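So the sequence shown is numbered by our numbering: it starts at 652 and just counts up by one.
Ideal Cβ positions, reconstructed from N, Cα and C, are used throughout, including at glycine.
Just so we're clear, the structure is a prediction, and the values are computed from it rather than from any experiment.
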Amino acid sequence: MATAYDPFQEMDRLVGQMFGSARAAATMPMDLYHSGDHYVLLVDLPGADPGTIDVSVEDRTLTIRAQRTPRTDTDVQWLARERPSGTYARQLTVSRGLDLQNITATYADGVLALTIPVAESAKPRRVEVQRGGHEGHPTIETSTSTSTGASASSGGQYPSSTEGTSGSA
Numbered sequence: 652m653a654t655a656y657d658p659f660q661e662m663d664r665l666v667g668q669m670f671g672s673a674r675a676a677a678t679m680p681m682d683l684y685h686s687g688d689h690y691v692l693l694v695d696l697p698g699a700d701p702g703t704i705d706v707s708v709e710d711r712t713l714t715i716r717a718q719r720t721p722r723t724d725t726d727v728q729w730l731a732r733e734r735p736s737g738t739y740a741r742q743l744t745v746s747r748g749l750d751l752q753n754i755t756a757t758y759a760d761g762v763l764a765l766t767i768p769v770a771e772s773a774k775p776r777r778v779e780v781q782r783g784g785h786e787g788h789p790t791i792e793t794s795t796s797t798s799t800g801a802s803a804s805s806g807g808q809y810p811s812s813t814e815g816t817s818g819s820a
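Below you can see the structure in the form of C-alpha cells.
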C-alpha cells in the first residue's frame with residue numbers, strides 16, 4: 652500500500668546536506684496496520700498546523716495534506732535549520748474492499764490517526780448450508796447395458812439427466 656523507500660527523497664536529503672540547503676526534504680512517515688474489521692493509518696506530522704491538515708478521498712486515492720509554517724524571525728541568526736517547512740502531501744491507493752465513506756481522523760501529539768473500516772461486502776461471512784429433502788432433486792435411474800457386457804450403473808452417486816434419451820435399448 653505504501654513505498655518504504657523513496658530514492659528522490661533520499662537525493663533531496665543528500666543534496667540538502669552537501670549544499671547546506673535551508674530546507675531539508677519534507678517527510679511524512681507512516682505506520683499502517685489491520686485490526687479486526689478496520690485498518691489504522693498513523694502519520695507523523697510534528698509541528699503541522701492543525702487547521703491545515705486535509706484528508707480527502709477521490710475514487711480509490713486517499714490524499715493527506717498538511718502545512719508547517721516556517722519561523723519568520725528576522726532578528727535571529729540561524730546556526731542550524733533542518734526542520735522542514737511548507738506543504739506536505741502523501742497519496743495512497745486503497746483497495747476496493749474498504750468503506751471510504753466512513754473514515755475517521757484524529758490529530759494528537761503530532762500524529763494523524765485515520766481509521767478506515769472494511770466494507771461490509773468485503774468482510775468474511777459464513778454461509779449457512781440448508782439441509783433439504785429429496786423433493787425437487789433429479790432422480791437417478793440405473794440400468795444395465797447388455798450390448799457391451801459392462802455395467803452402466805451409476806450407483807446413485809451422480810445426478811443425471813434423462814432428457815433426450817430413449818427408454819428402450
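Range covered by the beta strand (DSSP E) that runs through residue i
| i | result |
| --- | --- |
| Arg719 | 712-719 |
| Gln742 | 737-744 |
| Glu733 | Unbroken run through Glu733: none, as it is neither H nor E. |
| Val706 | 705-709 |
| Thr755 | 755-759 |
| Ala764 | 762-768 |
| Val694 | 689-695 |
| Leu683 | 681-686 |
Environment of residue i [buried if 16+ CB atoms lie within 10 Å]
| i | result |
| --- | --- |
| Leu696 | buried |
| Leu713 | buried |
| Ala717 | buried |
| Thr690 | The sequence shown places Tyr at residue 690, rather than the Thr named in the question. With 16 or more other Cβ atoms within 10 Å, it is buried. |
| Tyr739 | buried |
| Leu730 | exposed |
Residues of its chain near residue i, where Cβ-Cβ distance is below 6 angstroms and the 5 sequence neighbours each way are ignored
| i | result |
| --- | --- |
| Asp682 | Leu693 |
| Gln742 | Thr712, Thr714 |
| Pro701 | Tyr758 |
Nearest candidate by alpha-carbon position, reference residue i, set the options
| i | options | result |
| --- | --- | --- |
| Arg747 | Arg734, Thr723, Trp729, Lys774 | Lys774 |
| Gly698 | His685, Met679, Glu771 | Met679 |
| Leu763 | Ala770, Arg782, Asp688, Ile715 | Ile715 |
| Tyr758 | Asp688, Tyr684, Thr703 | Thr703 |
| Arg719 | Arg734, Val769, Gln728, Asp726 | Arg734 |
| Thr766 | Gly783, Val778, Val745, Val727 | Val745 |
Cutoff 8 angstroms; reference residue i; Cβ partners in own chain excluding five residues on either side
| i | result |
| --- | --- |
| Gly761 | Asp695, Leu696, Pro697, Gly698, Ala699 |
| Pro721 | Ser736, Gly737 |
| Ser686 | none |
Cβ-based neighbour list, residue i, same chain, cut-off 7 angstroms, excluding 5 preceding and 5 following
| i | result |
| --- | --- |
| Gly818 | Because Gly818 carries a pLDDT of 46, less than 50, the predicted location of this residue cannot be relied on, and the following value inherits that uncertainty. Closer than 7 angstroms at the Cβ level, and outside the excluded window around Gly818, lies no residue. |
| Asp688 | Pro768, Val769, Lys774 |
**Asked** Is the segment 751-759 touching the segment 700-709, taking contact as three or more C-beta pairs under 8 angstroms?
**Response** yes
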